[in-house]
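2 protein chains.
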Amino acid sequence: MLVGENPMLRKLRALEPFSEEEQRLLTSLYTRTVHLGPRQDVVREGDRARECSLLLSGLACRYAMTADGKRQITAFIVPGDIFDIQSLLLEVMDHSVGTIAPSTVAMIPHETLIQISNDSPRVSRAVWKESLFEAAVFREWIVNLGRRSAYQRIAHVMCEFYARHKLVDLVDGDSVAWPMTQTEIADATGLSVVHVNRSIQALRGEGLIRLAAGVLTIQNWSGLAEAGQFEGRYLQGGFPKSAPPLSGERGTDGIRTGRTG
Amino acid sequence: MLVGENPMLRKLRALEPFSEEEQRLLTSLYTRTVHLGPRQDVVREGDRARECSLLLSGLACRYAMTADGKRQITAFIVPGDIFDIQSLLLEVMDHSVGTIAPSTVAMIPHETLIQISNDSPRVSRAVWKESLFEAAVFREWIVNLGRRSAYQRIAHVMCEFYARHKLVDLVDGDSVAWPMTQTEIADATGLSVVHVNRSIQALRGEGLIRLAAGVLTIQNWSGLAEAGQFEGRYLQGGFPKSAPPLSGERGTDGIRTGRTG
DNA sequence: CGGTTCGTTGATCTATCTCAATTAATGTGG
DNA sequence: CCACATTAATTGAGATAGATCAACGAACCG
């Protein structure tokens, strides 16, 4: 799985370039790793965490339960994601994190992370960037749930899923591992299982995807992206197009206070 | 305008206690303020910002437009909110921010914020906390949109709106300024205006709220909270129950780390 | 005081949900 | 490797929350 290179590095490097030494620093972050089966909780609502966690392999999600017992997945956590940054500053978890597929999680003690942040501002910035990146994904999910049809929502989620795995080199051509059950897709998209099933069949019928045996294959990327109104800019760490992060200088102008039409 | 006390201070202080000096530091953050009318854009998708912004008064929101021209509000921005933190690290805006009510916005140059963060780790922490706080609100909105009915969603939004204004002392008994149009409520809750209208009437009919002339009055808080499944813990900055957030002295410096239960 | 925006109402339509089975996969003990 | 148990995917049919379309009154506004 990890051949001397780990997904966090790939991910963070996509956001911020590092020196050799910083990379060494980063890989030394964690000492303890935990293996979890599928559908197991990593942290629960109400917990107080003393460590940050980093997903090394597998798939996890953030989720919350409503008062009447419905479940809503608020985010997927893919390898390379540090998913407990908030525990550094906020005391108790307001939601839970659970695995979807069998996963490996690395634990990073808070002190280690704080110290390393002090030692290297660039590392610290990368970590914060990661959390801003996640906020961008949250916003996109809000749009997805609020203003898109079932068909569109699912297409969008699939695009995002593929794109995020591509960021960490975990795709194989047009295919990604898709260890999710349709119930989980429903919980992520705010739909019922039945309707998810039918929408997926529609996506299949359009020849956009193939989905079987835990593998999602995107047969027609631009078609799927269009179906899901997926633009993906929000995943590029706020950089225009494919320009290398932090290369060169800052852009031109400042805040534009425009008139609304 | 600012009568010796400003909403940002109130807000940040709720998250982190400050020394006198730090408070002076904070109020010196901005030099330039801008007055905006209602329904004006502050920043637009695609912009590159060189300043962070802070809402001093009024009401604003983050929003995005879908490919087919629908609008989704992803967050309300209330006085005291620093709403461009992400511009520190991410180059281009992936969404827009616009006012709802006439507003005053303070601009904080990036350099100032960076410098001040270096000078005072506690200030820096408060700013980051603010962004984690916002992420918690995003998650709650995802749940709201994904798993609650129209009636529940609107009730929830109203509770949150009241609670957030209460945090910065901008409520008057059971009432808050509510400068929002029903179209805007619809854009925030992912509903149609017509249905928002009917749901509001239902809330009125239940005797939970009064809403007129730009003022929302909550007649029955626990009823409204129950209707909207509003728990509010996610607004308490991750502190257990109703314990006053770090009230009194600064106690231990640094980040609290507790045991997991 | 005519125009525009906002709130409200009525009527119809439809995307999505719920309930209830059935089939297909996957796993398990013997 | 088989019989059984369990979980996941699929299908059908009926119910409904919420959308859409269209109109109208009230408030605001220059």
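Taken in order, these protein sequences are the chains called A and B.
Just so you know, we're using the numbering used here here: the first sequence kicks off at 1 and counts up by one.
Just so you know, we're using the numbering used here here: the second sequence kicks off at 262 and counts up by one.
Note that the Cβ used here is the ideal one computed from N, Cα and C, for glycine as well.
Nothing here was measured: the structure is a model prediction, and the numbers come from that model.
Bridge pairing for B:THR450: absent [DSSP]. If you check each beta-carbon in the segment 176 to 199 of chain A against every beta-carbon of chain B, the ones closer than 7 Å belong to GLY190.
Annotation: A:ASP84 is outside any beta strand (DSSP E) and is labelled neither H nor E by DSSP. The beta carbon of A:ARG164 lies closer than 7 Å to those of VAL78 and LEU235 in the same chain, with the five residues before and after it left out.
Your pair B:THR294 and B:LEU317 checks out as a contact, with CB atoms roughly 7 Å apart and the cut at 8 Å. Between the C-alpha atoms of A:GLN229 and A:TYR151 there is a straight-line separation of about 11 Å.
If you look at B:GLN333, you'll find it in the beta strand (DSSP E) that goes 332 to 338.
Rounded to whole angstroms, A:HIS156 and B:THR335 show a C-alpha spacing of 17 Å. Contact of B:THR327 with chain A by beta-carbon distance below 8 Å involves VAL143, ARG147, ARG148 and GLN229. For A:ILE116, the CB contacts under 7 Å within the same chain, skipping 5 residues up- and downstream, are LEU25, LEU29 and VAL123 in chain order.
Between A:MET93 and A:GLU51, the gap from beta carbon to beta carbon reaches 9 Å or more. Annotation for B:ALA438: the continuous beta strand (DSSP E) segment containing it runs 436 to 438. Going by DSSP, B:HIS417 is part of the alpha helix (DSSP H) stretching over 411 to 428. Closer than 9 Å at the C-beta level to chain A, one finds these residues of the segment 341 to 356 of chain B: ASP345, ILE346, GLN347, SER348, LEU349, LEU350, LEU351, GLU352, VAL353, MET354, ASP355 and HIS356. Beta-bridge partners of A:VAL105 (DSSP): A:VAL34 and A:LEU55. Distance from the CA atom of A:LEU224 to the CA atom of B:PHE344, rounded to whole angstroms, is 33 Å. At the C-beta level, B:LEU428 and B:VAL366 stay beyond 9 Å of one another. In this structure A:VAL137 is not in contact with A:ALA177, their Cβ atoms being roughly 19 Å apart against a cut-off of 8 Å.
If you check the CB distance, A:GLN201 and A:VAL193 do not come in under 9 Å. Using a Cβ distance threshold of 9 Å, B:ARG332 and A:ARG147 count as a contacting pair.
When Cβ-Cβ separations below 9 Å define contact, B:GLN462 makes no contact with chain A. Annotation: B:SER357 is outside any alpha helix (DSSP H); the continuous beta strand (DSSP E) that includes it extends over 357 to 360.
In the displayed model, A:ASP119 falls within a helix according to three-state DSSP. Shortest Cα-Cα distance from A:GLU111 to any of A:ARG62, A:ILE142 and A:ALA49 involves A:ALA49.
Collapsing the DSSP output to three states places B:THR442 in coil.
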